[in-house]
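Asker: Provided herewith is a single structure, encoded as structure tokens, for subsequent inquiry.
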Amino acid sequence: MKTRVAIIGSGPSGMLLGQLLLNAGIDNIIIERKDPDYILSRIRAGVLEQGTVDLLREAGVGARMDEEGLIHDGFKVAFDGRSEHIDLKALTGGKTVMVYGQTEVTRDLLQTRKGAGGLSIYDADDVQPHGLQSDKPYVTFVKNGETVRVDCDYVAGCDGFHGVSRQSIPADKIKVFERVYPFGWLGVLADTPPVDEELIYARHERGFALCSMRSPTRTRYYVQVDAQEKVEDWSDERFWGELKSRLPEDVANRLVTGPSIEKSIAPLRSFVVEPMQYGRMFLLGDAAHIVPPTGAKGLNLAASDVNTLYRIMVKVYKDGRTDLLSKYSEICLRRVWKAERFSWWVTSMLHNFAGTDSFSQRIHETELDYFVSSETGRKSVAENYVGLPYESID
Ligand code: APR
Ligand code: PHB
Numbered sequence: 001m002k003t004r005v006a007i008i009g010s011g012p013s014g015m016l017l018g019q020l021l022l023n024a025g026i027d028n029i030i031i032e033r034k035d036p037d038y039i040l041s042r043i044r045a046g047v048l049e050q051g052t053v054d055l056l057r058e059a060g061v062g063a064r065m066d067e068e069g070l071i072h073d074g075f076k077v078a079f080d081g082r083s084e085h086i087d088l089k090a091l092t093g094g095k096t097v098m099v100y101g102q103t104e105v106t107r108d109l110l111q112t113r114k115g116a117g118g119l120s121i122y123d124a125d126d127v128q129p130h131g132l133q134s135d136k137p138y139v140t141f142v143k144n145g146e147t148v149r150v151d152c153d154y155v156a157g158c159d160g161f162h163g164v165s166r167q168s169i170p171a172d173k174i175k176v177f178e179r180v181y182p183f184g185w186l187g188v189l190a191d192t193p194p195v196d197e198e199l200i201y202a203r204h205e206r207g208f209a210l211c212s213m214r215s216p217t218r219t220r221y222y223v224q225v226d227a228q229e230k231v232e233d234w235s236d237e238r239f240w241g242e243l244k245s246r247l248p249e250d251v252a253n254r255l256v257t258g259p260s261i262e263k264s265i266a267p268l269r270s271f272v273v274e275p276m277q278y279g280r281m282f283l284l285g286d287a288a289h290i291v292p293p294t295g296a297k298g299l300n301l302a303a304s305d306v307n308t309l310y311r312i313m314v315k316v317y318k319d320g321r322t323d324l325l326s327k328y329s330e331i332c333l334r335r336v337w338k339a340e341r342f343s344w345w346v347t348s349m350l351h352n353f354a355g356t357d358s359f360s361q362r363i364h365e366t367e368l369d370y371f372v373s374s375e376t377g378r379k380s381v382a383e384n385y386v387g388l389p390y391e392s393i394d
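Structure (structure tokens):
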């Protein structure tokens with residue numbers, strides 16, 4: 001087989017890149033080790049920055065998002081018996097976010113690719129990129145017992161944190177930056193009406209809690225739990241009780257509970273690899289960086305990597321601008337590190353770090369108080385939450 005861009009991984013990064021390239025007439029093949037049902041079974045975050053929304057529209061996958069997605073002008077931060085409103089729209093000169101689940105984004109991308117006749121190979125075993133430092137890279141995989149080879153111009157490593165792409169770069173050619181947090185998020189999805197029209201991020205001495213939603217009838221709630229906690233030990237009843245104990249009384253009183261339709265624990269991690277390129281292979285999304293979910297940046301960072309590589313590829317194929325290829329990593333990393341900083345910072349302010357000295361605890365409380373009480377502080381939080389601007393490629 002032969003293509004221009006071989007894309008490893010069919011998550012949001014791989015499919016969004018594939019769709020944009022396809023629309024621009026740049027042929028690509030997606031090679032994925034799982035099947036579409038598995039890909040659609042993963043429940044992930046649900047807040048899209050304006051830049052992500054615009055990119056999905058540009059890719060031609062925004063119709064259902066525009067119909068069903070919920071535009072949020074702001075969110076709330078609850079702590080110390082107070083509830084503070086962050087008016088994103090007013091603080092950023094009109095910017096907002098869209099609440100639309102990543103699972104739905106993925107479903108829209110899968111359908112659009114199918115409709116456009118883009119080739120995706122699922123259930124591919126032993127996927128391996130080769131010849132990345134040559135001008136003739138290729139990817140091999142095993143399907144139905146046979147080894148298949150895909151020759152290409154470039155490889156896009158969109159295969160997530162555990163993927164093969166990053167692992168095929170020699171260890172002495174990359175630098176890893178990592179922080180693992182001593183807690184995770186226990187998340188519950190339920191068919192109940194949201195407790196508030198906006199998202200509520202709550203800091204509490206028992207730990208962080210988040211009230212989010214997927215639609216006017218479906219909610220997503222989280223509570224901070226110790227990293228060793230087991231999901232089997234959390235009955236629905238225990239979860240709702242714990243959530244209510246961390247919310248302001250009026251919110252807890254109006255919270256509607258119901259049976260969970262999904263329940264899982266996600267560990268929290270910050271991770272960046274530098275550079276995000278090795279020869280003719282580019283890393284995108286979770287393959288290159290992970291953020292704790294507190295800032296709602298994971299999918300949005302993946303989209304900004306896609307935006308950068310897509311615009312470079314168009315210039316490469318249309319104008320012969322191969323000089324731009326070596327800029328990919330530095331352009332992405334400037335934005336990645338700012339989102340890493342924001343995600344780490346909001347995580348530090350809102351979570352309970354057991355064992356931290358009392359001075360540090362007070363500093364985190366004071367930092368939160370300062371940032372949500374001052375106009376300048378609120379502006380900084382809002383500008384990061386709606387998403388920092390993309391760099392232009394020229
Ligand atoms: N070969 C082929 N495919 C692979 C391999 C491999 N060796 N390893 C992993 N994959 C596939 C996975 O099965 C998955 O479908 O790559 C895909 C990676 O998808 P994601 O993990 O969703 O990563 P990405 O597309 O970068 O999406 C980033 O997802 O995890 C969230 O917070 C994150 O929201 C962000 C978004
Ligand atoms: C979610 O809805 O799953 C969600 C929302 C906001 C976050 C993280 C997760 O910061």
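The opening position of the sequence shown corresponds to residue 1 in the UniProt record's numbering, with each subsequent residue numbered one higher. For each residue, glycine too, the CB sits at the ideal point set by N, CA and C. Quick caveat: nothing in here was measured; it's all calculated off a predicted structure.
Does the beta-carbon distance from residue 10 to residue 39 come in below 8 angstroms?
Answerer: yes
Asker: Which word fits residue 402, buried or exposed, when buried means at least 16 other C-beta atoms lie within 10 angstroms of its C-beta?
Answerer: There is no way to answer for residue 402, as the model of the chain reaches only from 1 to 394.
Asker: First and last residue of the alpha helix (DSSP H) that includes residue 38?
Answerer: 36-40
Asker: Could you name the residues of the same chain whose beta carbon sits closer than 6 angstroms to that of residue 182, not counting the 5 residues immediately before and after it, in chain order?
Answerer: 227
Asker: Looking at the structure shown, is residue 4 part of a helix, part of a strand, or coil, going by DSSP?
Answerer: coil
Asker: Express the C-alpha separation of residue 323 and residue 197 in angstroms, rounding to a whole number.
Answerer: One C-alpha to the other measures close to 47 angstroms.
Asker: Which residue wins for smallest C-alpha separation from residue 284, given the options 336, 63, 80 and 112?
Answerer: Distance check between residue 284 and each of 336, 63, 80 and 112 places 336 closest, using alpha-carbon atoms only.
Asker: With distances taken between CB atoms, is the gap from residue 343 to residue 294 smaller than 8 angstroms?
Answerer: Yes, the Cβ-Cβ distance between residue 343 and residue 294 is below 8 angstroms.
Asker: At a cut-off of 7 angstroms, is residue 212 close to the ligand PHB when judged by its beta-carbon and the heavy atoms of the ligand?
Answerer: yes
Asker: In its own chain, which residues sit with a C-beta less than 6 angstroms from the C-beta of residue 24, not counting the 5 before and 5 after it?
Answerer: 314
Asker: Can you check which of these residues, 70, 18, 162 and 7, is closest to residue 109 by C-alpha distance?
Answerer: 18
Asker: Could you say which of 318, 74 and 86 lies nearest to residue 377 if we only look at CA atoms?
Answerer: Closest in alpha carbon position to residue 377, among 318, 74 and 86, is 86.
Asker: From the DSSP output, in three-state form, read off residue 352 for me.
Answerer: coil
Asker: If we call anything under 8 angstroms between Cβ atoms a contact, is residue 191 one with residue 218?
Answerer: In this structure, residue 191 lies near residue 218, with their beta-carbon atoms less than 8 angstroms apart.
Asker: Looking at residue 414 and the ligand APR, is the gap between the Cβ and the nearest heavy atom below 7 angstroms?
Answerer: Only positions 1 to 394 of the chain appear in the structure, and residue 414 is not among them; the question remains open.
Asker: Counting only runs of 4+ residues fully inside the stretch 35-74, write out the alpha helix (DSSP H) ranges in chain order.
Answerer: 36-40, 50-58 and 63-68
Asker: Is there a Cβ of chain B sitting closer than 8 angstroms to that of residue 117, yes or no?
Answerer: Absent from the structure is chain B; it holds one protein chain and no more.
Asker: Thinking just about the alpha-carbon of each residue, which of 171, 329 and 356 is nearest to the one in residue 391?
Answerer: 329
Asker: Among 118, 21 and 207, whose alpha-carbon lies nearest the alpha-carbon of residue 244?
Answerer: 207
Asker: Going by DSSP, what residue range makes up the alpha helix (DSSP H) through residue 371?
Answerer: 358-373
Asker: Spatial neighbours of residue 122 within its chain, please: CB distance less than 6 angstroms, with the 5 preceding and 5 following residues excluded, ordered by chain position.
Answerer: 32 and 35
Asker: Whose C-beta lies closer than 6 angstroms to the C-beta of residue 246 among residues of the same chain, with five residues either side of it excluded?
Answerer: 202, 204, 206 and 209
Asker: Counting pairs of Cβ atoms below 8 angstroms between the stretch 170-178 and the stretch 44-54, do you hit three or more?
Answerer: The stretch 170-178 vs the stretch 44-54: no contact.
Asker: Tell me the rounded alpha-carbon separation between residue 168 and residue 76.
Answerer: 43 angstroms
Asker: Please indicate yes or no: does the CB of residue 102 lie closer than 7 angstroms to some heavy atom of the ligand APR?
Answerer: Correct: residue 102 has its Cβ closer than 7 angstroms to the ligand APR.
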